[in-house]
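Student:
Protein chains in written order, with the numbering used here: chain A, 1 to 640; chain B, 641 to 1280.
Given below as structure tokens:
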């Protein structure tokens, strides 16, 4: 067996393998893992979310019973839930017609469009509740953030249906925003306290080809953190004291410095992610390597010092975000679902500018862990906060006052297909994720179909069949996950040892119709240790198998979980249980636990308890909190 | 060297060695440990507390700016601070005349007495703020609790000064209370939601010899927890729902069952302690073994399942009290200073009915740790809450809105002398605590002086000199602390091996004037482990030396404290540092810590970090938080 060894990551952007994603409308997913979740999101989550929004009075001002100035309820950002729902529903319609869903979509669009003002302004809160406060508090009031999500919804809706009845009003709104903000005399030199509109404007540019939207995105990114600081000016203008900003520093919204000078992930984690997404988008559209470099530095900082083993990010509830290096508490981990989703968005974008498996590894890690934990198997309850330990009192909820995470999950699941394949500038096909299904790809004007068979993430055996109308020469670039210690490749049963570039095995050949590629990844369960500076995890290890991080739950382990001590070789066995939690591989092993048999009534004594063997069972972290409530631990005590 | 071995604890109350404490007015303390603290309490704490009470408007209704019904500010129990201060100040006056202090005492007494109503009622809050609410809410409003503290103050003041100007009004009040509460027709069958008056009434009986006060105490104790439940009746009477009691169950105030049926320490910890104090007092006065038996069961439950290694009790802030067996969280430990003081009161009472060193051991443990941590060295700031771990954000404060702990500490320190010696029914002298000084004891009409020389708790060498006017035969019973693995005794340099009864070495002899007893206790620093069921402490150990529990503080150990792993034999060295924290023995040893030298930029990897040796320093727990703020841990990680 030959092990595929990755070459070291290159350092020249010019030499990067660049790609565009294969759109989810060209990708079918039919595996046992994701397809049921996508179906659930479509059939359960989307209608339920609409109901929740109706119940909360999103579409009915009278029912909302809003009091003027009664901030933060209703929240200024409520309309972004409608927009993200519209985006998710549009993705669903793009691959599966559904007249009932489309009717809801049209109702929601009609409601939103009805809010548009003669000058093009289009916002729910600042039209209905506080019309005199338009643009008065970009720092805190999410006005441009809401515009961003509406733009994303409009782009998705247009792509899905070809209809312009949301896109056109949104373009008018974006045009109006373009007159308000900028560096010309009479314009406001502002930008949003919550990044989002920047990446949305790039999407709008891509669908309309109108450069002014790209330029507006560029303006927002470039203006961020310049001095004199806009948020200071704005705060003083409304008679307040910038020194009293409740988050103390503009690091909270990443406007403490111009974006290229930022070297640490800081502040609100979702804000940070949406910012770096836009930076990569602009780097791509403007061929601006300096923006990509800044993102690479931030990526390195995040992944080497500030990320949970689940791909969760942002440990603190105080700022919903980052704190200090190596500060990764488990019980109080915030690790907002939306932040992990943002991490997927960002790494997917980085991957397009640099086909480096590190980005795909991280995208996959977040997907299978920090993102997926955000939803229950039935798609009807959600975690906003994803701790890595629980005393049994943290549970998924059907809805939130700030309900950003459920629709964010929905839009990700409904467009999951786009994360699987990429097409390079030279017509090679990249396979980032192993998810059974198929893709129709126009690889250099040749229609190519890739059929993928896999029982991933439980099994490392992946079969790819290439279907071409006539033999064609192109490269097939398969990601070799970083967690796999051994991987072998065969074409039509013949083992091959292709070059591995930045973690992608490159198979260049003249493909015949029906050629079969077999990728065998070694998936073993093993312990993972954290850097010693992560004090929270000293003397502890996590369990991982393939991309899936595991946890121990009280439902399987009938003793206080911190009484389990796992040896460095706990003899881990992987067992697939089709009846458990939608079908999961559980890990079983033997730990030690203190033996209280030898203790008298003494509460304290001068000799420690002896230990006895204790079998344990671990389940995938994403599946926790779906049985009887109880303790949960990702990081388990070890002897090391 | 002969080791003194204790006989097993007897099981017959009739055979118990019973004693009365030697009053603190007959005991002089002149050691290096307690005397400075007592002087500080006298010179700093007492005047400062009076100032704090004045500042808070305790003595000045106008300044208080009370709004009718503005519960809980001012608190219904504020007057108990005045009473405890009066008690402490009276103890001070009893041993050291101080006209300035006496003037303050007289002012405070005049203020309190001025509140007395024609019928004898005497309460601050329900006279000044809500006079129409007298006796309306015994469950929550501390009215009889306040009466109890006022009675204790009056007894102390009378004993100290011989003056009756507080005692007489208080007797009138107690008499009035006796008319209100009881089982006669027209009387209320109530008792207080916060025990205290019961033990106070026993004190009042002891000083006045009026049996009616003892009977009233007995009534309150016997009525507690009877059905129909008074607190139900009372709650319904004021139109409320007993099911909505905020603490859910009457376990909170130990009225869930009649007192003899209670087998677990439960609810509010201070309430629990004051209850069991009164139960022992009544057991003694009424020769009621059943009350003592109940207390013994509660003692066993507390010490085997619900007590911190520091003698702190009551882990939860929610009920300021007990939770469940083995639930002893460190960081969030409540362990109220007053509860540890209550533990001292209780064990001192138990000791009087049963000279068993277990009670003295516990009294000493609480004194040196959970109690003493409650005050700073300068006597001007206090812990209400005594956690066993800190992230550096828990600090002593000069005063509290609910300021029960500072005056409770003061009254304990000012009367500390009474905890050292006891006189048995047969004229033997018990030595419970080793504190340098002297005691004048009337042992069977013979005046005996005991002069104690010791550098305790730092050194285990204790010299006792017996001074008698003429040779006298009696037993000297010296406590052999449970923590001492080896103890030897000599009289006039001659080693002896006396019988040890329940942890007390009994030296029966005809004492000549000037006889010298030398007790040598082995004091070694060692690790202490908690019962395996204390999940919080699995994989951890505490450090103890003699009666002193140690902790690690960031000020001495420049790394995250949870990164230290102490081996089972850490080579502990004891070093006295006279300049540190008033003079303490510090412990030094070598632990291991993860070595990050070998780590790359990876945040996670599949092999654990190697370890390197790391010296550490521990200081007495009671002295923590008096240098730069930082982490603190009592329970340190171990390899076991």
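Virtual Cβ for every residue (Gly too), placed ideally from N, Cα, C.
Measuring CB to CB, does residue 171(A) end up less than 8 Å from residue 79(A)?
Tutor: No.
Student: For residue 584(A), which residues from the same chain have a beta carbon less than 7 Å from its beta carbon, with the 5 sequence-adjacent residues on both sides left out?
Tutor: The answer, listed in chain order, is 577, 619, 620 and 623.
Student: Buried or exposed for residue 254(A), going by 16 or more other Cβ atoms inside 10 Å?
Tutor: Result: buried.
Student: Thinking C-alpha only, which one of 922(B), 840(B) and 833(B) is nearest residue 874(B)?
Tutor: Comparing Cα positions, the closest option is 833(B).
Student: Hey, how far is the Cα of residue 774(B) from the Cα of residue 783(B)?
Tutor: If I take the Cα positions, the gap works out to 8 Å.
Student: Can a CB atom of chain B be found closer than 8 Å to the CB of residue 323(A)?
Tutor: Taking Cβ atoms only, chain B never reaches closer than 8 Å to residue 323(A), which makes this a no.
Student: From what residue to what residue does the alpha helix (DSSP H) around residue 953(B) run?
Tutor: Where residue 953(B) is concerned, there is no enclosing alpha helix (DSSP H), given that its DSSP letter is neither H nor E.
Student: Helix, strand or coil, according to DSSP, for residue 245(A) in the structure here?
Tutor: Residue 245(A): coil per DSSP, three-state reduction.
Student: Quick one: what does DSSP say residue 260(A) is sitting in, helix, strand or coil?
Tutor: Residue state, collapsed to three classes: helix.
Student: Could you tell me if residue 569(A) is buried or exposed, where buried requires 16 or more neighbouring beta carbons within 10 angstroms of its beta carbon?
Tutor: Exposed, because fewer than 16 other Cβ atoms sit within 10 Å of the Cβ of residue 569(A).
Student: Comparing the C-beta of residue 955(B) with each C-beta of chain A, is any distance below 8 Å?
Tutor: No - not a single Cβ of chain A is within 8 Å of the one on residue 955(B).
Student: Ends of the alpha helix (DSSP H) at residue 1012(B)?
Tutor: No alpha helix (DSSP H) contains residue 1012(B), which DSSP labels as neither H nor E.
Student: Just grab the DSSP bridge partners of residue 590(A) for me.
Tutor: Bridge partners of residue 590(A): 615(A).
Student: Under a CB-based cut-off of 8 Å, is residue 1260(B) close to chain A?
Tutor: It does not; no Cβ of chain A falls within 8 Å.
Student: Can the beta-carbon of residue 216(A) be found closer than 8 Å to that of residue 199(A)?
Tutor: No, the Cβ-Cβ distance between residue 216(A) and residue 199(A) is not below 8 Å.
Student: Relative to the alpha-carbon of residue 408(A), which residue among 41(A), 20(A) and 338(A) has its alpha-carbon at the smallest distance?
Tutor: The option with the nearest alpha carbon to residue 408(A) is 338(A).
Student: So which residues on chain B does residue 605(A) lean against when the C-beta distance must stay under 9 Å?
Tutor: Neighbours of residue 605(A) on chain B, chain order: 1168, 1169, 1170 and 1171.
Student: On the DSSP bridge list, what partners appear for residue 1203(B)?
Tutor: Looking at the DSSP assignment, residue 1203(B) forms no beta bridge with any residue, so it has no partner.
Student: Spell out whether any CB of chain B is found under 8 Å from the CB atom of residue 17(A).
Tutor: No - not a single Cβ of chain B is within 8 Å of the one on residue 17(A).
Student: Does residue 878(B) pass the burial test, meaning 16 or more other C-beta atoms within 10 Å, or should it be called exposed?
Tutor: It counts as exposed.
Student: Taking just the CA atoms, how far does residue 606(A) sit from residue 1027(B)?
Tutor: So the alpha carbons of these two residues sit roughly 22 Å apart.
Student: In the structure shown, what three-state DSSP assignment does residue 1105(B) receive?
Tutor: In the structure shown, residue 1105(B) sits in a strand (DSSP, three-state: E or B).
Student: Given a limit of 7 Å on CB to CB distance, which residues of the segment 385 to 419 of chain A reach chain B?
Tutor: Flagged: no residues at all.
Student: Would you mind reading off the limits of the beta strand (DSSP E) that contains residue 577(A)?
Tutor: Unbroken beta strand (DSSP E) run through residue 577(A): 573 to 577.
Student: Output the distance between the C-alpha atoms of residue 329(A) and residue 430(A), rounded to the nearest integer angstrom.
Tutor: Cα to Cα, residue 329(A) sits roughly 36 Å from residue 430(A).
Student: When the Cα atoms are used, what is the spatial distance from residue 897(B) to residue 682(B)?
Tutor: If I take the Cα positions, the gap works out to 41 Å.
Student: With 9 Å as the limit, tell me which residues of the segment 1233 to 1257 of chain B have their beta carbon closer than that to any beta carbon of chain A; keep them in chain order.
Tutor: Cβ contacts with chain A come from 1233, 1234, 1235, 1236, 1239, 1240, 1241, 1242, 1243, 1244, 1245, 1246, 1247, 1248, 1249 and 1251.
Student: At what residue ranges does the segment 418 to 496 of chain A contain a whole run of the beta strand (DSSP E), taking only runs of 3 or more?
Tutor: For the segment 418 to 496 of chain A, whole beta strand (DSSP E) runs of length 3 or above, ordered along the chain, are 421 to 424, 429 to 431, 437 to 443, 446 to 454, 461 to 468, 472 to 479, 487 to 491 and 494 to 496.
Student: Straight-line CA distance for residue 767(B) to residue 845(B)?
Tutor: Computed Cα separation, rounded: 26 Å.
Student: Between the alpha carbons of residue 137(A) and residue 278(A), how many angstroms are there, rounded?
Tutor: For residue 137(A) and residue 278(A), the distance between alpha carbons rounds to 22 Å.
Student: Residue 710(B) by DSSP, collapsed to three states: which one?
Tutor: Model confidence at residue 710(B) stands at a pLDDT of 48, short of 50, so the residue's coordinates are unreliable and nothing is read from them.
Student: For residue 371(A), decide whether its Cβ has a neighbour in chain B, counting only Cβ atoms nearer than 8 Å.
Tutor: Chain B, which has no Cβ nearer than 8 Å to the Cβ of residue 371(A), makes this no.
Student: Could you tell me how far apart the beta carbons of residue 521(A) and residue 481(A) are, in whole angstroms, since I believe they sit closer than 8 Å?
Tutor: So it is a contact: roughly 6 Å between Cβ atoms.
Student: Less than 8 Å between the beta carbons of residue 966(B) and residue 1146(B), yes or no?
Tutor: Result no, Cβ atoms of residue 966(B) and residue 1146(B) do not sit closer than 8 Å.
Student: Give a yes or no on whether the minimum CB-CB distance between residue 484(A) and chain B is below 8 Å.
Tutor: No, residue 484(A) lies away from the interface with chain B (no Cβ there is under 8 Å from its Cβ).
Student: Check the DSSP bridge columns for residue 1245(B) and list the partner residues they point to.
Tutor: According to DSSP, residue 1245(B) bridges with 529(A).
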